[in-house]
Amino acid sequence: MIPLLLRIRVRNEDHRGVNLWLPLFLLWLIVLPLLVALLPLVLLAALILWPSGKGKVLLYGYVMIFGLIGYMSGLKIDIRSRSNNIYINLI
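Using the numbering used here, read the sequence shown as starting at 3 and increasing by one per residue.
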């Protein structure tokens, strides 16, 4: 499942901070159709590069983009310093 929301929480040493909820589904409405529209060009480039062995790598990399997007859901990043705490969560 692709991540639909990005939550960013920044807090300082006074425990005051900012909570941001960013809707990623609006970004996916632009990115995913763009990736699908580029598919014929990627296939053509892979066909041209196939004799050199780089076509297989190009196709594999294109498929891995979709896998990477799918596995980003549930990613949590927690950064702490002496004065600030930053928490990033992909939901």
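Don't be surprised by glycine CBs; every beta carbon is placed ideally from N, CA and C.
Just so you know, these numbers come straight off a predicted model, no measurement behind them.
| Asked | Found |
| --- | --- |
| Count the other CB atoms, across all protein chains shown, that sit within 10 Å of the CB of P5; report buried if there are 16 or more and exposed otherwise. | buried |
| Using the C-alpha atoms, what's the distance from L28 back to G76? | 18 Å |
| Nearest-angstrom Cα distance between Y89 and A39? | 34 Å |
| Using C-beta distances below 6 Å, list every residue in its chain close to M74, excluding the 5 sequence neighbours before and after it, in chain order. | P5, L92 |
| Between L49, V65, N14, L36, which has its C-alpha nearest N87's C-alpha? | N14 |
| Taking the beta strand (DSSP E) that P25 belongs to, which residues open and close that run? | 19 to 25 |
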